[in-house]
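>
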Amino acid sequence: MGNHPIEALMKTAMESIQQIVDVNTIVGDPVETHDGSVIIPVSRVACGFAAGGSEFLPADEQGKGQDQGNGQEQGANALPFGGGSGGGVSVQPVGFLVVGNGQVRLLPVDSNAVVERIIDTVPDLIDKVSGLFKKKQDDEDDMGLEDA
Numbered sequence: 009m010g011n012h013p014i015e016a017l018m019k020t021a022m023e024s025i026q027q028i029v030d031v032n033t034i035v036g037d038p039v040e041t042h043d044g045s046v047i048i049p050v051s052r053v054a055c056g057f058a059a060g061g062s063e064f065l066p067a068d069e070q071g072k073g074q075d076q077g078n079g080q081e082q083g084a085n086a087l088p089f090g091g092g093s094g095g096g097v098s099v100q101p102v103g104f105l106v107v108g109n110g111q112v113r114l115l116p117v118d119s120n121a122v123v124e125r126i127i128d129t130v131p132d133l134i135d136k137v138s139g140l141f142k143k144k145q146d147d148e149d150d151m152g153l154e155d156a
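If you read the sequence shown in this note's numbering, its first letter stands for residue 9, the second for the next number, and so on.
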């Protein structure tokens, strides 16, 4: 059994999509800043693919009642084929991964990411507040020892 024409259409479309989308499309090339931080762009990639076709009876054979709808080529009796395929790729920036100063942060591109930024900063805020209370307690303990 030979290859069906739709196989060639699908193969060509998939190879073209494969050439467009690679790992560098999703996670971009890192960029180093003057302060030593490294910035890595991160994107969301969505792919779509469709293919279809139809076999047609030649005009002189229409109405003869032949069973030609099985999709298999039969040598000289192969039906004419018409088809097409297509694909699409959407690349949407998500944010930037920033590595520097002993931290790794994701800076989202979406302006509605305020809640996420607040959640990201809460641990640092808790550490700073805890440090202030500990420092105040240590200062009070030191003052109590000096008075005694």
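Don't be surprised by glycine CBs; every beta carbon is placed ideally from N, CA and C.
Being a predicted model, the structure only gives us computed values, none of them experimental.
(1) Which residue comes first and which comes last in the beta strand (DSSP E) that contains P116?
(2) Is it right to say E63 is buried, meaning 16 or more other beta carbons lie within 10 angstroms of its own, or is it exposed?
(3) Tell me the DSSP secondary structure of L65 in three-state form.
(4) Which runs of the beta strand (DSSP E) spanning at least 3 residues fall entirely within the stretch 11–57, listed in chain order?
(5) So what does DSSP say about P88, is it helix, strand or coil?
(6) Whole angstroms are fine: how far does the CA of L115 sit from the CA of Q76?
(7) May I have the straight-line CA-CA distance separating V137 from T20, to the nearest angstrom?
(8) Nearest CA to the CA of P88: which residue from D43, G61 and R52?
Working from what's here:
(1) To locate residue 116, count along the sequence shown from 1; it is residue 108. Looking at the DSSP string, the run of the beta strand (DSSP E) that includes P116 is Q111 to P116.
(2) Counted from its first residue, the sequence shown places residue 63 at position 55. With 16 or more Cβ atoms within 10 Å of its Cβ, E63 is classed as buried.
(3) By one-based count along the sequence shown, residue 65 stands at place 57. Correct three-state label for L65: coil.
(4) none
(5) In the sequence shown, counting from the first residue as 1, residue 88 sits at position 80. If DSSP states are grouped into helix, strand and coil, P88 belongs with coil.
(6) Position 68 of the sequence shown, counted from the first residue, corresponds to residue 76. Position 107 of the sequence shown, counted from the first residue, corresponds to residue 115. Low per-residue confidence applies at Q76: pLDDT is 49, beneath 50, and the placement is therefore not dependable, though the value from the model is reported in the following sentence. Q76 and L115: Cα-Cα distance of roughly 59 Å.
(7) Taking the first residue of the sequence shown as 1, we reach residue 137 at position 129. Taking the first residue of the sequence shown as 1, we reach residue 20 at position 12. One C-alpha to the other measures close to 60 Å.
(8) In the sequence shown, the residue the question calls residue 88 occupies position 80. Measuring from the Cα of P88, the nearest candidate turns out to be G61.
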